[in-house]
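End of the sequence shown = 956 in my numbering, gap-free, step of one. For reference, the structure is listed below as structure tokens.
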Amino acid sequence: MGVILNDIPKSISDTTFIKKLEKLGYLKTKIDSEKFDEINQIFTQKEHEEIYALACVYVYRDIMIFRRKSKIVGIAKICFECSSSQIHGTKANKDGFGMSGDFDKLYKILNEK
Numbered sequence: 844m845g846v847i848l849n850d851i852p853k854s855i856s857d858t859t860f861i862k863k864l865e866k867l868g869y870l871k872t873k874i875d876s877e878k879f880d881e882i883n884q885i886f887t888q889k890e891h892e893e894i895y896a897l898a899c900v901y902v903y904r905d906i907m908i909f910r911r912k913s914k915i916v917g918i919a920k921i922c923f924e925c926s927s928s929q930i931h932g933t934k935a936n937k938d939g940f941g942m943s944g945d946f947d948k949l950y951k952i953l954n955e956k
């Protein structure tokens, strides 16, 4: 349950949880490489006019594992209902990730058929 509700993984090197995701009910889905540029734009550090705090129980139903040449280079856990995230693998400031409509954009990209 730490993957869904808490802070597992604690770092990018903590990959043991990945093998357990399907047992927890997650579905493995490959993202079409044509969507990579759009996703990269969302995961780019940017300034936001307003950053808001949230008061809900985060349930990370979406987990993105970023790979480069088969090596894990990033992990993002996303709660679209609360507009919350946990991101590992970057030194960039993650405060405000998803603000300015980026959560909605990411949701649409991931759920397009």
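For each residue, glycine too, the CB sits at the ideal point set by N, CA and C. In this text the structure is predicted, and so the values were computed from the model without any measurement.
Exercise. Is it buried or exposed for VAL873, if we count other Cβ within 10 angstroms and need 16 for buried?
Worked result: Checking the sequence shown, residue 873 turns out to be Lys, not Val. Looking at its Cβ environment, which holds fewer than 16 other Cβ atoms inside 10 Å, LYS873 is exposed.
For this session: With a threshold of 16 other CB atoms inside 10 Å of the CB of ALA919, please say whether the residue is buried or exposed.
Result: buried
Exercise. In three-state terms, what does DSSP make of PHE909?
Worked result: strand
Problem set entry | Extent of the continuous beta strand (DSSP E) to which LYS914 belongs | 914–922
Exercise. What first and last residue would you give for the beta strand (DSSP E) that runs through ILE930?
Worked result: 927–931
Exercise. Candidates PHE940, SER856, ARG911 and VAL900: which alpha carbon is nearest PHE879's?
Worked result: ARG911
Exercise. In three-state terms, what does DSSP make of LEU867?
Worked result: coil
Exercise. When the distance is taken between beta carbons, is ILE855 closer than 8 Å to GLY941?
Worked result: no
Exercise. How would you call LEU867, buried or exposed, if buried means at least 16 neighbouring beta carbons within 10 angstroms?
Worked result: exposed
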